[in-house]
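**Q** Below: one structure in structure tokens.
Protein chains: 2
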Amino acid sequence: MLRLSKLTDYATVILSFMARDNTHVHAAMEIAAITGIALPTVSKILKVLVNAKVLISTRGAKGGYALARAPEKITVAEVISALEGPIALTECSISLQGCEQAAGCEIRGNWSLINQTIHNALESVTLADMIRPVRSQAPAWEKEILIPVASLYR
Amino acid sequence: MLRLSKLTDYATVILSFMARDNTHVHAAMEIAAITGIALPTVSKILKVLVNAKVLISTRGAKGGYALARAPEKITVAEVISALEGPIALTECSISLQGCEQAAGCEIRGNWSLINQTIHNALESVTLADMIRPVRSQAPAWEKEILIPVASLYR
DNA sequence: ATTAAATAGTACTAGAATAGTCCTCAATTA
DNA sequence: TAATTGAGGACTATTCTAGTACTATTTAAT
Ligand code: FES
Ligand code: FES
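Quick mapping for you: the protein sequence lines, in order, are chains A and B. First residue of the first sequence? That's 1 in this note's numbering, and the numbers climb one at a time after it. First residue of the second sequence? That's 1001 in this note's numbering, and the numbers climb one at a time after it.
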């Protein structure tokens, strides 16, 4: 299904809330209450995001979490790879170990191109974009999207 | 990790072999032998691909599998969704059931844009592209990729 | 100093999804 | 009719994910 994990989905919900109210730190409990996600789960996600340098934490009473950078500087790609590891469609994109085909595999390079493309797409969207309301009926949507990988071949 | 399942990876390996030798039908056993994937697994994948109308099968002695269309007409997106179901990063892209946030969720629409972008990327690559050798040092690669989603906002 | 509030880190459990195998039935060819 | 090959489904084992719990550490307020 090529899907993100639930935790990643939660993370974007949490982060967009934080991006909207970026004036003070938020305690894990507060975030849990507002988003409706269970506290231990919220807590887990926040810790991961701190490690990934997406958030900054302050310990102790009155402590909490805040965005490490402006929402414009935090990309969706970062968030995803924080929670799920590197963005790599196939095993071989990460390491060639474990791929029996590796030796004579012609298609590996092509996967990595596709991978790049998706990565670029995800990197071009920031938290600031995510909290913006979607334009209804994006005009000429179909035409705005350049067919990306194929152009390298044709 | 935003990764494809192993079975999908196998499927592309199998299909690219079949695309390279598209002159006659291939029995499951033959494919297993050549690709090195275990027969029952190959068999399972082939059946799924037949159901998805990517392959056509012939039963009986001298039977086997063949591409349903020319390699140029089979997209990577098709193959992926055959094996993993619809391409949808988040649950909400498929059904809104099961998403607690649905009511006041601002970010849903944005995910679906991102999703579209990825889908388009995958649809633009065909089997024929996959079996072509990668151009070494794709020229001006960085510039060829249009920043896709963000352009809708900015 | 003491206490309370908050995160850090890690370990664990239960459940779900994936990968892989096997068996029986149907169709085609020789 | 016998041999070959796919169709379809059931089943198992393993891995991954989601969620929870517990202890230690840090800071602020009293
Ligand atoms: S290198 Fe892994 S499938 Fe080709
Ligand atoms: S609708 Fe599901 S996260 Fe917004």
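Glycine included, every Cβ here is placed at the ideal spot set by N, Cα and C.
Counting only the same chain and skipping the five closest in sequence on each side, list residues whose C-beta sits under 6 Å from that of B/V1013.
**A** Position 13 of the second sequence, counted from the start, is the residue given in the question as residue 1013 of chain B. Counting only Cβ-Cβ distances below 6 Å, and skipping sequence neighbours, we find T1035.
**Q** Grab the span of the beta strand (DSSP E) containing A/I56 for me, first residue to last.
**A** Looking up residue 56 of chain A in the first sequence gives position 56. A/I56 -> beta strand (DSSP E) spans L55 to T58.
**Q** Is DSSP giving B/G1109 helix, strand or coil here?
**A** For the purposes of this step, residue 1109 of chain B is identified with residue 109 of the second sequence, where counting begins at 1. Three-state result, B/G1109: helix.
**Q** Report the three-state DSSP secondary structure of A/H24 (helix, strand or coil).
**A** Along the first sequence, read from residue 1 onward, the residue named residue 24 of chain A stands at position 24. A/H24 falls in the coil class under three-state DSSP.
**Q** Taking DSSP as the reference, what is the three-state secondary structure of B/T1035?
**A** Taking the first residue of the second sequence as position 1, residue 1035 of chain B is located at position 35. Residue state, collapsed to three classes: helix.
**Q** I'd like to know if B/D1129 contacts chain A, where contact means its C-beta is closer than 8 Å to some C-beta of that chain.
**A** In the second sequence, counting from the first residue as 1, residue 1129 of chain B sits at position 129. Cβ-Cβ to chain A under 8 Å: yes for B/D1129.
**Q** For B/T1075, name the three-state secondary structure that DSSP assigns.
**A** Position 75 of the second sequence, counting from 1, holds the residue named residue 1075 of chain B. DSSP places B/T1075 in strand when its eight states are reduced to three.
**Q** For A/A19, would you say it is in contact with chain B, using Cβ-to-Cβ distances shorter than 8 Å as the test?
**A** Residue numbering aside, residue 19 of chain A sits at position 19 when the first sequence is read from its first letter. No, A/A19 does not count as interfacial toward chain B.
**Q** Would you call the region 108-119 of chain A in contact with the region 19-37 of chain A, where contact means no fewer than 3 C-beta pairs closer than 8 Å?
**A** With the cut-off at 8 Å, the region 108-119 of chain A and the region 19-37 of chain A do not touch.
**Q** Among B/V1054, B/L1007 and B/A1070, whose alpha-carbon lies nearest the alpha-carbon of B/P1040?
**A** Sequence index remark: in the second sequence, residue 1040 of chain B carries index 40 (1-based). Considering only alpha carbons, the answer is B/L1007.
**Q** Using only alpha-carbon positions, find the residue among B/L1004, B/S1043, B/S1005 and B/A1070 that is nearest to B/D1021.
**A** Here residue 1021 of chain B refers to the residue found at position 21 when the second sequence is read from its first residue. The residue with the shortest Cα to Cα distance from B/D1021 is B/A1070.
**Q** In chain A, which residues lie with their C-beta within 8 Å of the C-beta of B/L1089?
**A** Position 89 of the second sequence, counted from the start, is the residue given in the question as residue 1089 of chain B. The answer, in chain order, is L2, R3 and L4.
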